[in-house]
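Be aware that the sequence shown starts at 23, since it is given in this note's numbering, and climbs by one per residue.
We put the beta carbon where it would ideally sit given N, CA and C, even for glycine.
Take a look at the structure set out below.
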Amino acid sequence: MHVNPLSTPEALLGVAQHLTLEYVHQPRYLSHPNGARAIAAVLIVGADAEFDAIVERYSRILALPPSARDR
Numbered sequence: 023m024h025v026n027p028l029s030t031p032e033a034l035l036g037v038a039q040h041l042t043l044e045y046v047h048q049p050r051y052l053s054h055p056n057g058a059r060a061i062a063a064v065l066i067v068g069a070d071a072e073f074d075a076i077v078e079r080y081s082r083i084l085a086l087p088p089s090a091r092d093r
């Protein structure tokens, strides 16, 4: 699914879910030459004045309440 870029001006956002895990989780696809195994974090940088709007936007897109960890 592609999220309308007008609704996320700070990023081009796409979402995918594999429905055939038996094809995705094959040993030949489970390693990468640089050793990467997962995405650990995503960082969005925005102006302080846009912070609340960005948090609200991604809370709505992800259907998750926001949580604070640190600045």
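Rounded C-alpha distance that separates residue i from residue j
i, j, result
"D74", "A33", "16 Å"
"R50", "L41", "18 Å"
"Q48", "R79", "35 Å"
"I61", "Q39", "15 Å"
"L52", "H24", "25 Å"
"H54", "V37", "21 Å"
"V67", "P31", "11 Å"
Spatially closest choice to residue i from the options, by CA coordinates
i, options, result
"D92", "L35, L65, A85 and L84", "L65"
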